[in-house]
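J.: Would you mind keeping the following structure in view while I ask a few things?
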Amino acid sequence: MAQAAFAAASVAARGVAALLGGRVGSVVDGQVVAGQGSAITLDDPATGLPLLGYADAGAAVARAAAEGAARAQRGWIALSAAERGRRLWALGAAIRAEAEALATLECANTGKPLRDCRGEVARVAEMAEYWAGWCDKVEGRVVSVPSGHFVTVRREPMGVVLAITPWNAPLFTCGWNVLPALAAGNGVVLKPSEYTPLTSCAFGLLAVKAGLPAGLVQVVAGAGATSGEALLAAPEVAMVTFVGGAVSGARIAGACAARMIPCVMELGGKSANIVFADADLPAAVQGAQQAIFAGSGQSCVAGSRLLVQRSVHHRFVEMLAEASSRIRLGDPMDAATEAGPVCNARQFDHVRSLVAAGAAEGADVFIAPRGALPEAGFWVPPTILAGVTNEARVAQEEIFGPVVAAIPFEDEAEAIAIANATPFGLAGAAWTRDVGRAHRVAAAVRAGTFWINGYRTIHVSVPFGGFGASGHGRSSGQEALAAYTQAKAVWVETGVEPALGFGHRPAGVGG
Ligand code: NAD
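Just so you know, the sequence shown maps onto residues 18 to 528 in the numbering used here.
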């Protein structure tokens, strides 16, 4: 793997040269700007060796980014809606033109297999095209009031949106949160995870290349406690959209509450993937693998609780263990690799400590063979913890790694009760041939997304988000346009006798 380390470092250097002009820093007003804070070192997840380093942006860069975004937003909203749409479409084309460079850079930084990175880049280009089409469809409405008035409701942009994103899918979450905000007429300051800023910075530069005003998409490369906090305090920031963990989410939602600004929160989950005895079991095995082992389980929607009807539980776990031993685990840069390492040392330690906790609580542990993987690097092979109860730590806490807790259940009612017995509510699935049961379970499980005989599909056109501790608000589908705009009511006097004066209103009109 020493060879792989060399490959990752040189791929990262080539990507930084091609997409960032050779320098890692924040993107402010269309330029790469060096940070003024502490040094941050990025590791190659496949080997644990240093990949490259950069300096945390710091408060002054963060402030400049927020001010520049406010200026650029005024220029953006002054363009015709159709012109804004054309420019977002051009951004989609620019992403497609650099797809391979973006995918390899993402792969080197995150350790996510190249084939998954290629897929995510293509999805981001699609997002730009989808939102381009909405720019000239942000429409208000006319309300009938019982008085001599004509009332229109305008949808106006918030101004500057701060988008804070995590390390598990950096470019994907950048597109997911930045693009609808732009379509709604906002400027954006993006604060990617300090572990994975590279493709987000490239996105900021591609936006300028595609014709978006310089400054409209600012990217602040730095840590949450420093650069992130400085952005939360910037007076220009009028709304926050956050994707990440519950602890940071609570801190950031608190900061928004103190400033009385709205936020969209997309947090983690502990989603129940429910397999009934009447399901197509081989298809459900494939779905269970996709649910938890894709992206090495570092997915907010991961099906990390596998609920299996007791009569087939043992057989199903055996089938899953056998299938998982065939997952191609290896060099993320190899296009044939299906699973790579987890992204960083902190996550590696977290995942391993929870596997140990599961074993200590009495779970049967099945670990897929590591093959010829190196000792160094952040490798966690696909792991099944069987015979777990829903009260166990591994069934309640988000592991965010390739580790599934298999829990037996007796009947439909018990499956629903177990599925709902966590504070989370992000996603879930049911595998069954009984169409009535499929719909009953979909309605009864508390989750923002539910799949029947499938798992993990999401699309920019469909609302996505959490119930309960998994967050609130939606940043995809038509619902996002409401989130990223605010309603303004405009009253026009049309009566022969205008309803002016203190207290006078025709019957039925208050205020
Ligand atoms: P995290 O919460 O540690 O960090 C997320 C982002 O928040 C990073 O950019 C970080 O720098 C920033 N941040 C942290 N503290 C901050 C502060 N005080 N002020 C401003 N910014 C701050 O999460 P993570 O470890 O990067 O990501 C993993 C988590 O994200 C998991 O829990 C996962 O489930 C969740 N996630 C959710 C979704 C979703 O759509 N629901 C998607 C991906 C990941």
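For every residue, glycine included, the Cβ atom is placed at its ideal position computed from N, Cα and C.
Could you pull the start and end residues of the beta strand (DSSP E) that Val-334 belongs to?
T.: Indexing the sequence shown from 1 puts residue 334 at position 317. That residue, Val-334, is in no beta strand (DSSP E); its alpha helix (DSSP H) goes 327–341.
J.: Determine the DSSP secondary structure at Pro-67, reduced to helix, strand or coil.
T.: Reading the sequence shown from its first residue, position 50 is the one you call residue 67. In the structure shown, Pro-67 sits in a strand (DSSP, three-state: E or B).
J.: For Thr-121, does the three-state DSSP call read helix, strand or coil?
T.: In the sequence shown, the residue the question calls residue 121 occupies position 104. Residue state, collapsed to three classes: helix.
J.: Report yes or no: do three or more beta-carbon pairs, one from the stretch 425–436 and one from the stretch 274–285, lie closer than 8 Å?
T.: Counting Cβ pairs under 8 Å, fewer than three are found: no touch.
J.: Just to confirm the assignment, what range does the alpha helix (DSSP H) spanning Ile-112 have?
T.: Taking the sequence shown and counting its residues from 1, the one referred to as residue 112 is at position 95. Residues 98–114.
J.: Can you list, in chain order, the residues of its chain with a C-beta nearer than 8 Å to that of Thr-502? Leave out the 5 residues immediately preceding and following it.
T.: Position 485 of the sequence shown, counted from the start, is the residue given in the question as residue 502. For Thr-502, where only same-chain residues beyond five positions count, the Cβ hits under 8 Å are Val-155, Arg-172, Glu-173, Pro-174, Met-175, Ala-201, Gly-202.
J.: Does DSSP put Met-18 in a helix, in a strand, or in coil?
T.: Mapped onto the sequence shown, residue 18 falls at position 1. With a pLDDT of only 49 at Met-18, under the threshold of 50, the placement of this residue in the model should not be trusted; the figure read from the coordinates follows. Met-18 falls in the coil class under three-state DSSP.
J.: Quick one: what's Phe-383 bridged to in DSSP?
T.: Counting from one through the sequence shown, the residue named residue 383 turns up at place 366. DSSP, once it has assigned bridges, lists Ile-401 as partnering Phe-383.
J.: Any heavy atom of ligand 1 closer than 6 Å to the beta-carbon of Cys-280?
T.: As a first step, residue 280 is located in the sequence shown; it is residue number 263 there, counting from the start. No, since every heavy atom of ligand 1 falls outside the 6 Å radius drawn around the Cβ of Cys-280.
J.: With three or more C-beta pairs closer than 8 Å as the rule, is the stretch 234–241 touching the stretch 460–472?
T.: Short answer: they don't touch.
J.: Measure the alpha-carbon distance for Met-144 versus Lys-208 and round it to whole angstroms.
T.: One-based indexing of the sequence shown puts residue 144 at position 127. One-based indexing of the sequence shown puts residue 208 at position 191. The straight-line gap from Cα to Cα measures roughly 19 Å.
J.: According to DSSP, Lys-129 sits in a beta bridge with which residue or residues?
T.: The count along the sequence shown starts at 1 and reaches residue 129 at position 112. None, per the DSSP bridge assignment.
J.: Beta-carbon within less than 7 Å of Ala-118's beta-carbon, same chain only, minus the 5 sequence neighbours each way: which residues are those?
T.: To locate residue 118, count along the sequence shown from 1; it is residue 101. Correct list, in chain order: Gly-32, Ala-35, Leu-36.
J.: Can you tell me whether Met-144 is helix, strand or coil according to DSSP?
T.: Here residue 144 refers to the residue found at position 127 when the sequence shown is read from its first residue. In the structure shown, Met-144 sits in a helix (DSSP, three-state: H, G or I).
J.: For ligand 1, is there any heavy atom lying closer than 6 Å to the beta carbon of Pro-187?
T.: On the sequence shown, residue 187 is found 170 positions in, with the first residue counted as 1. Not under cutoff, so the answer is no.
J.: In whole angstroms, what separates the C-alpha of Ala-267 from that of Met-277?
T.: Locating residue 267 in the sequence shown gives position 250, where the first residue counts as 1. Locating residue 277 in the sequence shown gives position 260, where the first residue counts as 1. Answer to the nearest angstrom: the Cα atoms are 15 Å apart.
J.: Considering just the uninterrupted stretch of the beta strand (DSSP E) at Ala-180, what are its terminal residues?
T.: Within the sequence shown, the letter at position 163 stands for residue 180. Residues 177–181.
J.: Does the beta-carbon of Leu-390, which I'm using as the reference point, lie nearer than 6 Å to any heavy atom of ligand 1?
T.: Within the sequence shown, numbered from 1, the residue matching residue 390 stands at position 373. It does not: the Cβ of Leu-390 is nowhere closer than 6 Å to a heavy atom of ligand 1.
J.: Whole angstroms are fine: how far does the CA of Thr-213 sit from the CA of Pro-187?
T.: As a first step, residue 187 is located in the sequence shown; it is residue number 170 there, counting from the start. As a first step, residue 213 is located in the sequence shown; it is residue number 196 there, counting from the start. Between Pro-187 and Thr-213, the C-alpha separation is close to 6 Å.
J.: Hey, quick one: how far does the beta strand (DSSP E) through Gly-285 stretch, first residue to last?
T.: By 1-based counting over the sequence shown, the position of residue 285 is 268. Careful: Gly-285 lies outside any beta strand (DSSP E) and carries neither H nor E.
J.: How many Å lie between Leu-323 and Gly-375 at the Cα?
T.: Numbered from its first residue, the sequence shown carries residue 323 at position 306. Numbered from its first residue, the sequence shown carries residue 375 at position 358. Cα to Cα, the separation comes out at about 14 Å.
J.: Compare the C-alpha of Thr-511 against each of Ala-377, Glu-146, Ser-164, Phe-484 and name the closest.
T.: Here residue 511 corresponds to residue number 494 of the sequence shown, with the count starting at 1. It is Ser-164.
J.: Return the first residue and the last residue of the alpha helix (DSSP H) that Val-170 is part of.
T.: Locating residue 170 in the sequence shown gives position 153, counting from the first residue. Taken as a continuous stretch (DSSP letters only), Val-170 belongs to no alpha helix (DSSP H), being part of the beta strand (DSSP E) at 166–174.
J.: Write down every uninterrupted run of the beta strand (DSSP E) in the stretch 440–493 whose length is 3 residues or greater and which is fully enclosed by it, in chain order.
T.: List check, beta strand (DSSP E) in window: 444–448, 466–469.
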